[in-house]
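First comes the structure, then the notes that go with it.
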Amino acid sequence: MKKIVALVILGFSIANCNSQTFKVSEKIKLPGNDGWDYLAVDDVNQHLFISHGSEVNVIDLKSNALITTIPDTKGVHGIAIANDLNKAFISNGKDNSVSIVNLTTFELIEKVAISGKNPDAILYDAFSKKVFTYNGKSNNATVLDAITNKEIKSIALGGKPEFSVTNTKGLIFVNIEDKNEIKTIDATKLAVKATWSIAPGDEPSGLAIDLESNRLFAVCGNKLMVVVNAINGKVVKTLPIGDGCDGVTFNPKNKLIFSSNGEGTITVVKEKSPAVFAVLQTVKTQKGARTITLNKTTNQLYLSTANFGEKPKPTAEIPNPRPSIIPNSFTILVVDDKK
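Using my numbering, read the sequence shown as starting at 492 and increasing by one per residue.
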């Protein structure tokens, strides 16, 4: 009898898991006609920080209303939230700087010029109280002391770095896009500890981590998600995802991984165990929605995009130009699990 009950419960759990249906539940319109990159949720204050051209938009997630805009962030890429220090660190790609703002007043604390060129992704590591910017044109990471706001070191990475995560225990992981690798950085020694190939993954961009199972999730330009053992660097599994991915996030509550694909989809992957993964759903979003972030409090997902016009003709200087953005169409997509 106990076996029958256990099987019924197991069957119900699997059916319940497979019944999860994610969809776009809301669209938040924002002013401005520039491009975008990463988003970040301040879970403590329930604010969403959005990179947008040369400024950062901030939305109150209780009302989904724009509450402020942080100016003078030229070519902004990423935002790193440090709630324990009440700071946000913003990477400004076009003037090689990091803007540091107060998380509650949004006032500028300091704008720090860094030695790295074209800072893109940015990470705050609470374990070491360090900030890492990943610099696309100098192939290195710039390290700031998050308390003093001073640059303390530059770490050569041997290739173009993309997104990064921390294991919260002294190790930092970063995708190297043009080498198809993950570099492991010792957050105390501030040096590369290991280099792992993620073949057959090609051009990895977004990266997420399951801290409990020690699994890394790298999304790649050849439409693969590569699951990597964060202890030894071994590839555990590869799964198919949509085209044009640039971001991925992991929800530890339900063990779901979400790949945001610029083609206009989210690939939802279920971690059934540290060795077993399966694609659960392909969610329709909107073309251009290639970066993603998770609200850990509400389990909602947020993605940036806009409507596009015609693609310009290629030139020698710009062989693969991006299509123009239709004015006043910049939008944040809110994705929910609607059962």
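A virtual CB, placed ideally from N, CA and C, is assigned to each residue, including glycine. Please read all numbers here as calculations on a predicted model, not as lab measurements.
With a cut-off of 8 Å on Cβ pairs, the segment 565-575 is in contact with the segment 535-552, counting three or more such pairs. Rounded to whole angstroms, P765 and S704 show a C-alpha spacing of 6 Å. The Cβ atoms of V710 and N720 do not sit closer than 8 Å to each other.
As the crow flies, the alpha-carbon of V589 is around 6 Å from that of K602. In the structure shown, the three-state DSSP call for T595 is coil. Secondary-structure assignment with DSSP links Y625 through a beta bridge to A632. CA-CA distance, K518 to K804, rounds to 31 Å. For G712, the closest C-alpha among the options P610, C736 and T773 is that of C736. Annotation: P522 to A556 spans about 12 Å, alpha carbon to alpha carbon. Restricting attention to beta strand (DSSP E) runs no shorter than 3 residues, the segment 546-573 encloses them at 546-551, 556-561 and 567-573, ordered along the chain. Fewer than three pairs of CB atoms, one per stretch, sit closer than 8 Å, so the segment 649-657 makes no contact with the segment 593-610. The distance from the Cβ of T784 to that of Y793 is about 5 Å, consistent with a contact at the 8 Å cut-off.
In this structure R706 is buried. Its beta-carbon is surrounded by 16 or more other beta-carbon atoms within 10 angstroms.
If the five residues before and after V826 are omitted, its C-beta is found closer than 6 Å to the C-beta atoms of F513, V515 and L792, all from its own chain and listed in chain order. Ranking N798, S751 and N811 by CA distance to the CA of G526 puts N798 first.
Taking the CA atoms as reference points, V665 sits about 29 Å from L552. For the segment 677-745, the continuous beta strand (DSSP E) assignments of 3+ residues that do not extend past its boundaries occur at 682-688, 695-701, 706-711, 715-720, 726-731 and 736-742, in sequence order.
Of the candidates F821, T560, G779 and E653, T560 places its Cα closest to the Cα of T596. Taking each of Y615, N723 and E762 in turn and checking the Cα distance to F741, the smallest one comes out for E762. Comparing alpha-carbon positions, the option among T686, M716, N723 and G692 lying closest to P731 turns out to be M716. For A612, the enclosing beta strand (DSSP E) covers residues P610 to D616. Contact between P695 and N671 holds: CB atoms are separated by about 7 Å, below the 8 Å threshold.
Between A617 and E801, the alpha-carbon positions lie close to 44 Å from each other. Here DSSP, grouped into helix, strand and coil, assigns A807 to coil. Excluding sequence positions up to five before and after L681, its CB lies within less than 8 Å of the CB of K621, V634, I643, K644 and I646, all in the same chain and listed in chain order. When the alpha-carbon of A769 is set against those of I757, T679, T729 and W687, the nearest one is in T729. In this structure, the alpha-carbon of L698 lies about 20 Å from that of T776. In the structure shown, the three-state DSSP call for D528 is coil. The three-state reading of DSSP puts N536 in coil, since its state is none of H, G, I, E or B. DSSP places D828 in the uninterrupted beta strand (DSSP E) bounded by T822 to D828.
Sorting H538, P610 and T756 by C-alpha distance to the C-alpha of N577 places H538 at the top. Burial is judged here by how many other beta carbons sit within 10 angstroms of a residue's own beta carbon; A690 has fewer than 16 and is exposed. In summary, I667 is buried, with 16 or more beta-carbon neighbours lying within 10 Å of its beta-carbon over all protein chains present. DSSP links I667 through a beta bridge to P652 and E672. Under the three-state reduction of DSSP, K514 is assigned to strand.
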